[in-house]
Amino acid sequence: SVAILAQAVLTIVSEHRAIGSHPPLLAPGTSCMAGSRACPPAWAVFALLGSCTAQEECPADGGPGCGSPFTRVRKHLWPRARGPGPTYGVTNLTGPADLSEPWYQWYPGATRFRSVVLCGPLIDDESSLYVTSVHAIHKLSTDGQVRIWEYKTSGSMADCPSLWNGVLLGMDGRGFAFAVDIDTGKALWMRQHAPGSGDTSYVENHDGVMIYEADPGNERVLAVDAVTGNKLWEFSPDTPVWNLMAQFPGDDTVLFQDQDSRTYRLGLHNGTLLWKAGGRHVPTPTWSDGGALLGPNGIIYAASSKGQVMTHYPTVGGGVHAYRVSDGALIWEKHLPRPFFTWPVIGRLAGRSDMSVIVGVGSNAYFPWKLVLQYTAPKPVKYGLLLAAAWSLLRCFKGGCKWLALRMIICLAVAVVYPIYVTYEYTQGRGFVRIATFEADVYAFNAETGDQQWVYHLPAWPYVSAAGDSEGYFERIFFCPQRPVCLPAAYSAPTLDSEGVVWIGYHSGSLVGLRDADGDGIVTEQEVISYDTKAAFLHSGPAFAPGIFAITNCDSLHVWKN
């Protein structure tokens with residue numbers, strides 16, 4: 045025993061000396077946790093204790109409380125937005141047969157509209173749920189009754205985290221990447237390798253490497269050591285990424301697409317470009333805030349949308365593009381009548397034995413009319429009042445003060461009517477957004493050939509903004525000014541359950557389950573179940589764990605027992 049202790053002390057001292065030459069891993073003001081190499085004395089004590097007790101207390105596969113949060117092995121149930129890899133978005137569990145009565149609904153603030161929910165839930169090995177809002181990352185008990193901890197930084201949250209062993213890896217809107225102990229909610233390290241973060245993207249990890257987008261314009265992809273936070277490499281794609289979600293085929297490479305639907309394969313540990321394919325797909329230039337998803341068949345499927353997509357013209361099309369992972373060769377592609385703004389899912393559908401790829405297409409909704417009115421009104425009101433005052437003073441000098449009050453009322457009325465008129469035209473699809481009613485479809489294609497298997501047309505959405513954005517706008521101005529609107533894409537990402545049911549959320553607020561049970565190529569209304577969550581969805585999509593089926597919309601978490 046004495047020899048073992050002596051050897052442990054020598055090891056600790058030698059590592060402590062080596063660590064002393066490194067810069068601190070924590071940002072100023074961030075608490076230091078035992079187990080972090082940023083706190084050598086505390087780390088040394090816990091390492092010494094661990095050397096005496098680990099063999100007696102820890103099972104072979106690790107678990108909560110065993111060793112370092114980075115090294116103790118924990119098999120999480122839904123560790124990232126698209127579930128366990130390498131088969132993303134697919135589960136061996138079954139969704140609920142009835143959505144009419146959720147187990148519970150949870151939101152991060154005092155009311156639905158005190159925050160914006162960015163993604164989740166992640167589900168760990170103890171069935172705890174992790175939901176990310178603009179204000180914090182929240183760890184919840186399985187039944188949602190206990191908020192176990194909240195992790196906040198001095199900036200807003202912007203991206204979706206992921207779980208790895210005993211840590212949660214994420215990034216805030218200032219560009220600070222961090223690792224959090226999932227048992228305590230305390231930071232283990234925090235590093236800033238970029239000046240900010242762009243839209244709602246995904247911090248992914250594999251084999252100890254953490255991948256995320258960098259810069260407010262999403263111009264770089266960064267890889268850092270998940271244990272230390274040290275930067276490993278960076279890569280600049282041909283065009284910026286939008287909502288980066290790295291994919292890992294398990295061969296020391298990483299796959300992703302940029303906003304122009306160009307798909308890349310890099311070395312995971314060195315960032316070496318192995319191939320890139322696609323982009324600028326005919327017939328028009330592309331753009332999408334969706335992304336590519338890796339299938340279990342050695343093919344990755346990329347998403348695209350066509351020209352004029354940023355102005356929301358109703359004729360904007362989209363596409364899905366299948367590339368072979370080994371060499372980037374295009375296997376097939378389909379051009380669609382509507383834009384593709386989410387991720388696909390690849391698996392076996394109900395009533396079929398072959399592999400399918402499911403694609404949700406439809407234009408994104410836009411800003412709520414209340415925001416347009418707010419930003420349109422001040423200028424004409426201000427200049428209208430100035431015009432009224434100048435006109436009235438001029439008339440007074442000429443002896444015409446008799447009708448001063450009437451003239452000011454007329455000018456004020458004109459100043460008020462103008463923004464109301466602009467707002468009305470906007471809601472009717474005659475402003476800078478050229479859509480008044482949104483139509484959307486979910487397609488199923490043969491994953492190997494691209495042949496269409498079925499299409500389901502969702503009910504049209506007759507409003508210019510997504511569900512929940514207008515209803516919660518004024519409350520969010522006060523309580524969530526950094527993001528008063530969710531401004532989601534048309535769909536959540538889809539998830540495919542063990543019975544071949546496609547679960548997907550639409551910006552009407554509806555969560556739907558689609559199943560062509562008889563395999564006749566037609567999804568009838570009798571083969572669809574749905575639930576109105578009252579708000580649209582960002583991309584993370586439905587999550588599964590034993591006894592849990594859950595999804596987050598833009599304001600809350602909805603959970604069913606499956």
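Add 44 to the 1-based position in the sequence shown for the numbering used here, that's all there is to it. Where is the CB? At the ideal position from N, CA and C, for every residue including glycine.
The alpha-carbon separation between Phe384 and Ser400 amounts to approximately 17 Å. Leu137 and Trp331 have their alpha carbons spaced roughly 34 Å apart. For Trp233, the enclosing beta strand (DSSP E) covers residues Ala231 to Gln236. Non-local beta-carbon contacts of Ala561 in its own chain, meaning distances under 6 Å to residues more than five positions away in sequence, involve Ala394, Gly395 and Glu571 in chain order. Taking every protein chain shown into account, the CB of Gly565 has fewer than 16 other CB atoms within 10 angstroms, so this residue is exposed. The Cβ-Cβ distance between Gly273 and Ser241 does not fall below 8 Å. Apart from sequence neighbours up to five positions away, the residues of its chain that approach Glu263 with a beta-carbon distance below 7 Å are Ser280 and Pro284, ordered along the chain. Around the beta carbon of Asn209, 16 or more other beta carbons lie within 10 angstroms, which makes this residue buried. Checking the DSSP bridge columns, you'll see Thr568 has no partner listed. For Trp413, no beta strand (DSSP E) encloses it; the enclosing alpha helix (DSSP H) starts and ends at Trp413 to Thr420.
Annotation for Leu121: Ile167 and Ala589 place their beta carbon closer than 6 Å to its own, counting only its chain and skipping 5 residues before and after. The alpha-carbon of Thr539 is positioned some 47 Å away from that of Val461. Distances from the alpha-carbon of Leu207 to those of Asp227, Lys196, Ser509 and Asp282 put Asp227 closest. Bounds of the alpha helix (DSSP H) holding Arg520 are Tyr517 to Phe523.
Contact between Ala504 and Glu519 is absent: CB atoms are separated by about 28 Å, not below the 8 Å threshold. By the C-beta density criterion, Val190 is exposed, having fewer than 16 other C-beta atoms within 10 angstroms. Secondary structure of Tyr465 (DSSP, three-state): helix. Beta-bridge annotation (DSSP): Trp505 is paired with Phe482. Rounded to the nearest angstrom, the gap between the Cα atoms of Thr135 and Pro123 is 13 Å.
Per the DSSP secondary-structure output, Cys204 pairs in a beta bridge with Tyr246. Nearest to Glu170 by C-alpha distance, out of Trp387, Gln526 and Leu184, is Leu184. Pairing Leu601 with Cys530 gives a Cβ-Cβ distance that is not under 8 Å. Setting aside the 5 residues that flank it on each side, Ile521 is surrounded in the same chain by Pro528, each with a C-beta closer than 6 Å to its C-beta; the list follows chain order. The C-beta separation of Ile181 from Leu212 comes to about 7 Å, placing the pair in contact by the 8 Å criterion. Residue burial is scored here from C-beta neighbours: Arg235 has at least 16 other C-beta atoms within 10 angstroms and is therefore classed as buried. Every beta strand (DSSP E) stretch that sits fully inside the stretch 282 to 357 and reaches 3 residues is listed by chain position as 297 to 301, 307 to 311, 317 to 321 and 343 to 349. Measuring C-alpha to C-alpha distances from Pro113 to each of Gly252, Gly406, Lys414 and Ser554 identifies Gly252 as the nearest. The Cβ neighbour count for Tyr465, taken over all protein chains shown within 10 Å, is under 16; the residue is labelled exposed.
For the set Asp398, Tyr550, Glu492 and Gly512, the Cα lying nearest the Cα of Tyr500 is the one of Tyr550.
Pro381 counts as exposed, since fewer than 16 other C-beta atoms from the protein chains shown sit within 10 angstroms of its C-beta.
The three-state secondary structure of Arg158, taken from DSSP, is helix.
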